[in-house]
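A short write-up of the structure that comes next.
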Amino acid sequence: MEATATKSFAAKHRFARITARKARRVAAIIRGKSVNEALEVLQFTPQRGAPFYLRLLKSAVANAAQDEEVNVNHLVITEVKADDGPLVQGRMRFRPGPQGRVRPWHKRTSHLTIRVEVAEMLAAPKSKSKSKSKSSKEL
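Everything in the sequence shown is counted per numbering that gives the first Met the number 0, starting at 0 for the first residue and increasing by one.
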């Protein structure tokens, strides 16, 4: 049972003052990469969401470092999400709308999530599925 259980570590940033659409552009870049590779990519990514995910990834790595059995250099990003959050109200500002009406500015927020897992534990189940696919090709 312990062989199939993977250790995963997550970090969340709720109510981040960035739209989920802009954050998803950065999420697509780092999804599936190793932690070291993702840190390098995020430092030089010009998108607005890069600093948010950089801090979030460092937090997830720090969470993993609390476990003495985990080697931080073998972590892989398995899940990156940017969900819509509530609209910020605050002081309402308006812009012109159709037929002389006004429309409010929508100041959007998002909930950002990163989950990392140890790479060695992820590699074991994949090797089993490859052997099954080879046997089906031979038939």
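Using N, Cα and C, we set each Cβ at its ideal position, and we do this for glycine too.
Quick caveat, the model's predicted, so the values are computed rather than measured.
Cross-strand partners of residue i (DSSP beta bridge)
i: Ile76; result: Val115
i: Pro103; result: Phe93
Span separating the alpha-carbon of residue i from that of residue j
i: Arg23; j: Pro97; result: 31 angstroms
i: Arg114; j: Asp82; result: 14 angstroms
i: Thr77; j: Gly99; result: 49 angstroms
i: His110; j: Gly84; result: 6 angstroms
i: Ala142; j: Lys6; result: Since the first residue shown for the chain is 0 and the last is 138, residue 142 is missing from the structure and cannot be characterised.
i: Leu41; j: Gly31; result: 14 angstroms
i: Ala64; j: Leu38; result: 16 angstroms
i: Val34; j: Asn62; result: 13 angstroms
i: Val101; j: Lys11; result: 35 angstroms
i: Ala9; j: Gly48; result: 18 angstroms
i: Ala122; j: Glu67; result: Its pLDDT being 49, under 50, Ala122 is placed unreliably in this model, and the value from its coordinates should be taken loosely. Spanning the two alpha carbons is a distance of roughly 21 angstroms.
beta-carbon residue i near the ligand SAM non-hydrogen atom, thresh 7 angstroms
i: Leu86; result: This structure lacks the ligand SAM, and indeed carries no ligand of any kind.
### Contact the segment 62-78 vs the segment 103-111: 3+ CB pairs below 8 angstroms
Three or more beta-carbon pairs separated by less than 8 angstroms are not found between the segment 62-78 and the segment 103-111, which leaves the two stretches without contact.
### Query
Along the chain, which unbroken stretches of the alpha helix (DSSP H) at least 4 residues long are found entirely within the segment 10-94?
List check, alpha helix (DSSP H) in window: 19-29, 34-42, 49-64.
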